[in-house]
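Visitor:
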Amino acid sequence: MPVKRLGVAKSRLRGAVPPARHADLALAMVRDTVTAVLAVCDLVVVTDDPVIAAAAAGLGARAVPDLPDAGLNDAMRYGADEVAGLTRFRAVLAGDLPALRPAELDEALTEAGDARSYVVDAAGTGTVLLAAPPGVPLDPRFGIGSARAHAESGARALGGDWPGLRQDVDTPADLATVLALGAGAHTCALLRDLGLKVACVSAA
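Just so you know, the sequence shown maps onto residues -1 to 202 in this note's numbering.
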């Protein structure tokens, strides 16, 4: 799971909370995503942000620096194919899935099986998860129109009904959708600390 430095993370989400707490919101969403993933499998977090690295390690993930430092796809390829290793089943996913339920992730990884597979985001154009079986390079193609790019690369789309897995958070509207689904404990705690009356259900 690649995570940007907090100082540049989630620029389109600015305004959802007071400016001084924007980084705290980004970190809370990472913590919720990490917590959900670790309930299902081991996790490598690729980041050059020491705060994120410490938070991920504190929850039980392995945090490694982004040695390629060459963008999202290279970070994913490095974490999956080099750090985790080609001999293992690997999956990469977005770090902003605060409504992710472990059962959803478990189902998606099971459905992926022995095929390189991906999960389309709620908007229908992006990708929230890409999985590859042992011996098959991850070949990530994240970015604008990544769902189509992954399909054209030969990956198979997974069709499960996984609202928490599919809903990443890029905008204030996305955050509202996540809260309706039931965000994780860290995101909910932050918003309540800001005095917002939100009804959250733990994603774990």
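Don't be surprised by glycine CBs; every beta carbon is placed ideally from N, CA and C.
Only counting the same chain, and skipping five residues up and downstream in sequence, which positions put a Cβ closer than 8 Å to that of alanine 53?
Guide: Position 55 of the sequence shown, counted from the first residue, corresponds to residue 53. Result list for alanine 53: Leu25, Val28, Arg29 and Val32, in chain order.
Visitor: Name the residue from Ala14, Lys2, Lys8 and Val1 whose alpha carbon lies nearest to the alpha carbon of arginine 170.
Guide: The sequence position of residue 170 within the sequence shown is 172, counting from 1. Looking at the sequence itself, residue 170 is proline, so the reference to arginine does not match. It is Ala14.
Visitor: Near leucine 4, which residues of its chain fall below 8 Å by C-beta distance, leaving aside the five closest residues on each side in sequence?
Guide: Position 6 of the sequence shown holds residue 4. Counting only Cβ-Cβ distances below 8 Å, and skipping sequence neighbours, we find Ala21, Ala24, Leu25, Asp47, Val49 and Ile50.
Visitor: In whole angstroms, what is the alpha-carbon distance linking aspartate 191 and lysine 8?
Guide: By 1-based counting over the sequence shown, the position of residue 191 is 193. By 1-based counting over the sequence shown, the position of residue 8 is 10. Going by the C-alpha atoms only, they are around 20 Å apart.
Visitor: Counting pairs of Cβ atoms below 8 Å between the region 117 to 127 and the region 180 to 189, do you hit three or more?
Guide: In short, these stretches do not touch, since the Cβ pair count stays below three.
Visitor: Pick out whichever of Arg86, Asp79 and Ala155 has its Cα sitting closest to the Cα of aspartate 137.
Guide: Along the sequence shown, one-based indexing puts residue 137 at 139. Looking at the Cα atoms, Asp79 is the closest of the given residues.
Visitor: Measure the Cβ-Cβ separation of alanine 59 and glycine 162 and say whether it is below 9 Å.
Guide: In the sequence shown, the residue the question calls residue 59 occupies position 61. In the sequence shown, the residue the question calls residue 162 occupies position 164. Contact flag unset, no.
Visitor: On a Cα-Cα basis, can you pick out the residue from Ala174, Val167, Val176 and Asp40 that is closest to alanine 92?
Guide: Within the sequence shown, residue 92 is the residue found at index 94, counting from 1. The shortest Cα separation from alanine 92 among Ala174, Val167, Val176 and Asp40 belongs to Val167.
Visitor: How should alanine 181 be labelled, buried or exposed, when 16 other C-beta atoms within 10 angstroms of its C-beta is the threshold for buried?
Guide: As a position in the sequence shown, residue 181 is number 183, starting the count at 1. Buried, since its Cβ has 16 or more Cβ neighbours within 10 Å.
Visitor: To the nearest angstrom, how far is it from the Cα of glycine 83 to the Cα of methionine -1?
Guide: In the sequence shown, residue 83 corresponds to position 85, counting from 1. In the sequence shown, residue -1 corresponds to position 1, counting from 1. Straight-line Cα distance between these residues: approximately 14 Å.
Visitor: Whole angstroms is fine: what's the gap from arginine 114's alpha carbon to lysine 2's?
Guide: As a first step, residue 114 must be located in the sequence shown, where it is residue number 116. As a first step, residue 2 must be located in the sequence shown, where it is residue number 4. Whole-angstrom Cα-Cα distance: 25 Å.
Visitor: Looking only at its own chain, which residues have a Cβ that is under 6 Å from the Cβ of alanine 55, when we skip the five neighbours before and after it?
Guide: As a first step, residue 55 is located in the sequence shown; it is residue number 57 there, counting from the start. Answer for alanine 55: Ala61, listed in chain order.
Visitor: Please classify alanine 89 as buried or exposed, where buried requires at least 16 neighbouring CB atoms within 10 angstroms.
Guide: The sequence position of residue 89 within the sequence shown is 91, counting from 1. That one is buried.
Visitor: Can you tell me the Cβ-Cβ gap for threonine 85 and proline 132, rounded? I've got them flagged as a contact below 8 Å.
Guide: Residue numbering aside, residue 85 sits at position 87 when the sequence shown is read from its first letter. Residue numbering aside, residue 132 sits at position 134 when the sequence shown is read from its first letter. That pair is a contact at about 5 Å.
Visitor: Going by beta carbon distance, what residues of the same chain come within less than 7 Å of glycine 193, once the five residues before and after it are set aside?
Guide: As a first step, residue 193 is located in the sequence shown; it is residue number 195 there, counting from the start. Result list for glycine 193: empty, nothing under 7 Å.
Visitor: Please report the distance separating the alpha-carbon of leucine 177 from that of alanine 97.
Guide: Here residue 177 corresponds to residue number 179 of the sequence shown, with the count starting at 1. Here residue 97 corresponds to residue number 99 of the sequence shown, with the count starting at 1. When rounded, the distance between both Cα atoms is 8 Å.
Visitor: Under DSSP, the alpha helix (DSSP H) around serine 144 begins and ends at which residues?
Guide: Position 146 of the sequence shown, counting from 1, holds the residue named residue 144. Start and end: 144 to 150.
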